[in-house]
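Engineer: Let me give you the structure first, and then I'll get to my questions.
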Amino acid sequence: MLTQTSVGQFVLASPWWTYLLILGILFSGYQWIRALKEEKEIDEDFIEQEGNVYMERIQEAKKLKEQQEL
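Throughout the sequence shown, residue numbering follows UniProt numbering, covering 1 to 70 in sequence.
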């Protein structure tokens, strides 16, 4: 249902706490996105570290195999 009131009148007629609610929702969304990005970076760093450990183990096993063959 559309009324004849303008957007400005609607904004002025709205209670102040509705603006705080909207700001809270927006801030919560911002924090959620920021936390997602931070968690993704942490996960990528962990995966990279585990990959390096795995590659070191492969190299050590290769060296041991070469030494045993000689």
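Note that the Cβ used here is the ideal one computed from N, Cα and C, for glycine as well.
By DSSP, does Ser6 sit in helix, in strand, or in coil?
Structural biologist: Reduced to three states, the DSSP call for Ser6 is coil.
Engineer: Report all residues from its chain with a CB closer than 6 Å to the CB of Gln4; omit the five preceding and five following residues, and keep chain order.
Structural biologist: Taken in chain order, the list of residues that qualify is empty.
Engineer: Taking the continuous alpha helix (DSSP H) assigned at Leu28, which residues delimit it?
Structural biologist: In the sequence as displayed, the identity of residue 28 is Ser instead of Leu. Taken as a continuous stretch (DSSP letters only), the alpha helix (DSSP H) holding Ser28 covers Trp16 to Glu69.
Engineer: Return the CA-CA distance between Phe27 and Glu60, expressed in angstroms with no decimal places.
Structural biologist: Going from the Cα of Phe27 to the Cα of Glu60 covers about 50 Å.
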